[in-house]
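Engineer: Got a structure for you, questions after.
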Amino acid sequence: MAYPFDRKVRGGQTIERKMDMPKKSERERLADLEARQRKVADDVENARRALRGKYAAIVPELPVETLTEREFREIVDLAIRAGGTASVAALKALSGMAPNK
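Throughout the sequence shown, residue numbering follows the numbering used here, covering 501 to 601 in sequence.
So, in structure tokens, the structure goes:
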């Protein structure tokens, strides 16, 4: 079946084309982009929560009762700010020993 938007080429062969969808208005395009942005932000937040939950599950295995809550928070906060590798190196140098495994 031939449609008005089909095209004939040499040899009588018909190329079927899909009808072009009308372009979205700027308002519709903006609404779509904002919806995608919200979905991506939700995905990022879910991934962040999952990772933090995984790390939080490690804490019960550590003898943190020797620290006050303030000390614990400060240690973790400073370690995060300095970066993992730098923090581990500094703590190893400070204690003069490798962690028990």
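Just so you know, even glycine gets a beta-carbon here, dropped at the ideal spot from N, CA and C. It should be emphasised that the depicted structure is a prediction, and the values quoted were computed from it without experimental measurement.
Measuring only the C-alpha atoms, how far is G596 from R549?
Structural biologist: Along the sequence shown, read from residue 1 onward, the residue named residue 596 stands at position 96. Along the sequence shown, read from residue 1 onward, the residue named residue 549 stands at position 49. Cα to Cα, G596 sits roughly 34 Å from R549.
Engineer: What's the gap between the Cα of R496 and the Cα of R573?
Structural biologist: Past the edges of the chain, shown from 501 to 601, lies residue 496, and the structure says nothing about it.
Engineer: Compute the Euclidean distance between the alpha carbons of A541 and G553, then round it to the nearest angstrom.
Structural biologist: Residue 541 sits at position 41 when you count from the first residue of the sequence shown. Residue 553 sits at position 53 when you count from the first residue of the sequence shown. The straight-line gap from Cα to Cα measures roughly 18 Å.
Engineer: Would you tell me roughly how many angstroms separate the C-alpha atoms of L594 and A579, rounded to the nearest one?
Structural biologist: Here residue 594 refers to the residue found at position 94 of the sequence shown. Here residue 579 refers to the residue found at position 79 of the sequence shown. So the two alpha carbons sit approximately 14 Å from each other.
Engineer: Can you tell me where the alpha helix (DSSP H) holding K554 begins and where it ends?
Structural biologist: Translated into the one-based positions of the sequence shown, residue 554 becomes position 54. From DSSP, the alpha helix (DSSP H) with K554 extends over E526 to A556.
Engineer: I need the boundaries of the alpha helix (DSSP H) containing E571, first residue and last residue.
Structural biologist: Residue numbering aside, residue 571 sits at position 71 when the sequence shown is read from its first letter. Looking at the DSSP string, the run of the alpha helix (DSSP H) that includes E571 is E569 to A582.
Engineer: Cα separation between E571 and A590?
Structural biologist: As a working note, residue 571 is residue 71 in the sequence shown. As a working note, residue 590 is residue 90 in the sequence shown. E571 and A590: Cα-Cα distance of roughly 17 Å.
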